[in-house]
Structures are given as structure tokens and as C-alpha cells.
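Below is one structure; the comments refer to it alone.
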Amino acid sequence: MSVRCKTQTLQVIDTEYSADSAEWCPLDDWGTVLACGTYQLKRPESEPGREDSDDPHLRLGRLYLYHYDPHQIFSPVSEVQRIETAAILDMKWCHVPLSGSPILGVADAKGSLELYRLQGHREGSRVQPACSLDLGDECLALSLDWSTGKRESSSLVRTICSDSLGRLSLVQVEEAATGLDMVCQWKAHDFEAWIAAFNYWNCDVIYSGGDDCLLKGWDTRSTPDSPVFTSKRHSMGVCSIQSHPLREHVLATGSYDEHVLVWDLRQMKQPTSDTHVQGGVWRLKWHPTDSALLLAACMHSGFHILDSASDGCPIVSSYVLHNSLAYGADWSRVSPPNNSTAGPEASSMVEEEEPVPVGTDTDTQKPEQSAQNLKIFYESPTASFDIVLEDDSGGYIPEPSRGTDERPVSGVSSPPDSGHPHTHLLATCSFYDHVLHVWRWRSQRLGPAE
-1 MSVRCKTQTL QVIDTEYSAD SAEWCPLDDW GTVLACGTYQ LKRPESEPGR
49 EDSDDPHLRL GRLYLYHYDP HQIFSPVSEV QRIETAAILD MKWCHVPLSG
99 SPILGVADAK GSLELYRLQG HREGSRVQPA CSLDLGDECL ALSLDWSTGK
149 RESSSLVRTI CSDSLGRLSL VQVEEAATGL DMVCQWKAHD FEAWIAAFNY
199 WNCDVIYSGG DDCLLKGWDT RSTPDSPVFT SKRHSMGVCS IQSHPLREHV
249 LATGSYDEHV LVWDLRQMKQ PTSDTHVQGG VWRLKWHPTD SALLLAACMH
299 SGFHILDSAS DGCPIVSSYV LHNSLAYGAD WSRVSPPNNS TAGPEASSMV
349 EEEEPVPVGT DTDTQKPEQS AQNLKIFYES PTASFDIVLE DDSGGYIPEP
399 SRGTDERPVS GVSSPPDSGH PHTHLLATCS FYDHVLHVWR WRSQRLGPAE
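Under the working numbering, the sequence shown has 394 at position 396, and the numbering climbs by one with no breaks.
This is the structure we're talking about:
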């Protein structure tokens, strides 16, 4: 038996600034709200008579808020708000409402944790600044995650932030997000601490990954001056971690080494699966209701959906229509309609006839990169964000495009009513081409005769 998978682009949005974070609101009553964060380097103004300035580049950002209307076939996503900010490196919605309102946390290039409160009706909702906390001088806040007590109660709400100095900051969120208090801050990694995440089943436990290639676990019930475990299984910087919200003891990690590892937290000597995804793994997102599915943003190789319930955690579908670094990705809890007409980009849907057995290498050889100049601004500790691709005249050079790889596959885990198609809504964004894609992924288990 096999499963037919296909993707269909619903809308492509120009974010103007480089896009690196896309987050659907996880709350049931607000699931049509999508936030997108951007990061843009701006050259300082040159003084008269000087071609170049030695001043550091400015890191600018913009927070976008969109509304998704499932009844709109063409252009179902509309912008409702944009806010000029410092450059945004990560965003996460709180898993529960605080005083009845959704709360969005933002980690920015000023080294701050910013909280925004979502207000108004769903179709015209807006975010308003709620509170902020400075994590320290001369650092960039690189990531954040929320702890709400097994994602079920807002009695004790905390965030964990990582920064460019290798530190982790555990922050207490006051009632109704009226303030933020630093609980503790400690040095966790020798270089950038790219990612920090809570264990959603035991929120006293925190995981972190850094540019020192280490994955570490921490217990905040004692002074976190030393980790409870350190793994060297990744061979390059660890930049994505997420605890499974539906399955206890399961953790996913990703690295610049282009591997997605799934772990059983009761035995951390070796991962339970190791998937090579052909690109650095910047973000990982477990599906909110299907415990098998894992979404990976894989920089140079696009976005991949993995099936953790099958042997080896294979890639079951890929979305590679972005022409630049794949950074932001998220599942929506909203189920899009199953209509076949999906908007101006419907022609991007590709469906192949023959199922592909699990383990078959469906990657096509990457084309040779065209000539391009890479200008790296070394004063930034986050070099992965500070690379500019441009030609001699200063114009942007897109990376080589890759063909889609959506096809039937064998072995993908499906819900009990597996004979029916299941449609999922996703948002992904890429960096130098500054675009946000909203798309859907449909899977259907096929019988022997199909």
C-alpha cells in the first residue's frame, strides 16, 4: 500500500525584507492568523565624498500579520498589519491565551524578548506591544520557546531564549503578559546558542544547541551551571530543536550538518532515526494533531515533510518552490478546503503516477551554481544571516531553482480513516528572495488496485 502526496501553492507574498519566520497562531479561535518576521541588513548612509562607510550595518525588521480566509479561492491570505521593528530572528505564539488574548513572543537583533498581544476580531485582529525584556548588551536574541505546563495550563508561563553570546535566559511571564522577569541566565555554549527549547512534558528541562556542534540538556530545578547531558552526535552547529507536543520522550533536532535526528529522551546515546535532508536544518515543527509528521526547513534544499512513524523517518514530500534559503515554516491547525482550484499558482502542483518505495533516493542532482559574489559582514556573530548574494551592480542573484519532488510514497503514517484524503495548510518563507508561500499538502492512502 502507498500514499499519494501532492502540494499546491495557494499564494506567494513579497515580504520586501528578507523573511525568516512564519508562525500560525495555535489557538483554535485564532487559527486563521499568520505572523511573519523579517531580517534585513541595511548599509549605512555614506558620507559625502566617500564611497563606503565603515559604520556597522543596520539590522532592520518588520512584523507582518495576515488573515487566512478559507472561502477565498484566489488570494486567500490578506495582510492586516505591519510593524517596523528591529530585525526578527525567531517568533513563537504562546500555546495558551493569557487573560483571554493570544500572545506572540519575538526574539530580535537588539537582544530583546518582545511580547505582543493580539486584539480585535479574528478577521481584523491587530497586535499591540505588551512588554519587553533586554537580555543583555551586545547580543542578538536568536530563538525562544514557551513553557505553559504541558501546554495545558497558563498557571506558570515561562520562556527560554538563546543568544549570540552562547547564553540561555529563563524568563518568567507575569500574569496577562504585563511584565517579564529574568529567572536565571547562564553560559550554555562557547559560540552562538542557535536554539533553545522546553521539554513540553517536563518544563523544568530545557534543551539547547549551539555553533559548538553540541546538543545539551539542562534541569532548571537546580542551578544550571552544568548540563545533565551533552551530545556530540551532530557534526556541525545545532540550530533546531523541538520537543514532541503529542508524544512524551520524543525530541527532534537538526543541524547545519544536514541531518534530522529523532531521539528517545530515555536513551540519548544514539538517535532512533537519522535522516539526511540535503540542507542545513534551520527549523523543525511537529504537526499539531498527526503525531507522525515532522516539517523541516532545510535552507538550501527547501522544505520537507518527514514521517517519524516509518522506519528511518523518511521524507514523504518536499516543497522546493522557494528560490532562496528556507528558514521559516509552520503547520496551521486550520483545514483548508479540498477544492482543486487553488489560485494563480495552482499550476505548481505536481503529481506523479507511480508510488516511490520508502528509502528510494528521489533527490535530483543539483545544478551548478551560477557565478555570484558572496559578501560576508564579519562584524556580525550571526554570519548565516549576514550573507548577501549580489552581482557586480548590486542586484540580487537568486540561488539555482530546483524542481518539485511531490509524488506518491509508500509507508507514510496516516490517520485511521486513511482511505480519504487529508489536507494540511502550511506557511513557509525564504530569505534573500523575501517571499512567504502559503500552500497545502494533501495525502491519501491508496489501495492495491490504485
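Don't be surprised by glycine CBs; every beta carbon is placed ideally from N, CA and C.
Given the structure is predicted, the values throughout are model-derived calculations rather than measurements.
Proximity of residue i and residue j at Cβ, strictly below 8 angstroms
| i | j | result |
| --- | --- | --- |
| S110 | L116 | no |
| H298 | L323 | yes |
| S428 | A107 | no |
| G300 | S316 | yes |
| Y15 | H432 | yes |
| C211 | G235 | yes |
| W284 | E246 | no |
| L186 | S162 | Checking the displayed sequence, the identity of residue 186 turns out to be Ala instead of Leu. No. Outside cutoff. |
| I33 | L96 | In the sequence on display, residue 33 carries Ala and not Ile. The answer is no: Cβ separation not under 8 angstroms. |
| L293 | W329 | yes |
| L263 | L249 | yes |
| G252 | S238 | yes |
| R2 | Q442 | yes |
| G164 | F189 | yes |
Through-space distance from residue j to residue i, alpha-carbon basis
| i | j | result |
| --- | --- | --- |
| A139 | L166 | 10 angstroms |
| L240 | M266 | Reading off the sequence shown, one finds Gln at residue 240, where the question assumed Leu. Between Q240 and M266, the C-alpha separation is close to 15 angstroms. |
| L213 | L423 | 31 angstroms |
| A105 | D88 | 5 angstroms |
| I71 | H65 | 14 angstroms |
| V94 | L25 | 7 angstroms |
| W437 | D255 | 27 angstroms |
| C159 | H274 | 28 angstroms |
| P335 | E77 | 21 angstroms |
| P286 | T426 | 16 angstroms |
| I11 | L63 | 12 angstroms |
| V318 | S289 | 23 angstroms |
| D309 | Q126 | 45 angstroms |
| G277 | A295 | 9 angstroms |
| Y430 | L131 | 29 angstroms |
| S73 | C23 | 19 angstroms |
| L304 | R440 | 14 angstroms |
| A257 | A191 | In the sequence on display, residue 257 carries His and not Ala. Cα to Cα, H257 sits roughly 18 angstroms from A191. |
| C92 | V181 | 18 angstroms |
| S19 | S333 | 21 angstroms |
| T5 | I313 | 14 angstroms |
| K40 | T13 | 15 angstroms |
| H420 | P54 | 49 angstroms |
| Q79 | S220 | 42 angstroms |
| Q9 | S145 | 32 angstroms |
| A194 | G208 | 9 angstroms |
As assigned by DSSP and simplified to three states, the class of residue i
| i | result |
| --- | --- |
| E246 | coil |
| G122 | helix |
| E21 | strand |
| A449 | Examination of residue 449 is not possible in this model, given that the chain is present from -1 through 448 alone. |
| D328 | strand |
| D26 | helix |
| G215 | strand |
| L39 | strand |
| T13 | coil |
| Q276 | coil |
| M297 | strand |
| D223 | coil |
| F196 | strand |
| D202 | coil |
| D161 | strand |
| K267 | coil |
| Q6 | strand |
Cut-off 7 angstroms between Cβ atoms - residues of its own chain near residue i, not counting five sequence neighbours on either side
| i | result |
| --- | --- |
| S382 | Confidence at S382 is low in this model, with a pLDDT of 47, below 50, so the placement of that residue should be treated as unreliable; the coordinate-derived value is given next. Cβ neighbours of S382 beyond the five flanking positions: none. |
| K228 | One point to set straight first is that residue 228 is Thr, not Lys, in the sequence displayed. Counting only Cβ-Cβ distances below 7 angstroms, and skipping sequence neighbours, we find L212 and K214. |
| V171 | V155, R156, T157 and L178 |
8 angstroms Cβ shell around residue i - same chain, five flanking residues per side excluded
| i | result |
| --- | --- |
| R231 | L213, L259, Q268 and P269 |
| W28 | P100, L116, R120 and S123 |
| G59 | Y15, G35, T36, Y37, Q38, E82, T83, A84, A85, I86, D106 and A107 |
| P414 | At P414 the pLDDT is 39, less than 50, meaning the model places this residue with poor confidence; the figure from the coordinates comes in the next sentence. Excluding sequence neighbours, P414 sits near nothing in its chain. |
| T176 | A128 and C129 |
Beta-bridge partners of residue i, as assigned by DSSP
| i | result |
| --- | --- |
| L31 | Strictly speaking, residue 31 in this sequence is Val, with Leu absent from that position. Per DSSP, H65. |
| G310 | G310 pairs with nothing; no bridge assigned. |
| E82 | R60 |
| H89 | As written in the sequence, residue 89 is Met, which differs from the His given in the question. Its beta-bridge partners are V104. |
| H320 | H320 pairs with nothing; no bridge assigned. |
| C129 | L113 |
| S315 | I303 |
Residues near residue i by beta carbon distance below 6 angstroms, same chain, minus five either side
| i | result |
| --- | --- |
| W216 | I204, P222 and P225 |
| I81 | L61 |
| D135 | none |
| E366 | With a pLDDT of 35 at E366, under the threshold of 50, the predicted position of this residue should be treated as unreliable, though the coordinate-derived value follows. Cβ neighbours of E366 beyond the five flanking positions: none. |
| L142 | D88, K90, G103, A105, T157 and C159 |
| D67 | P74 |
| R281 | S238, A295 and A327 |
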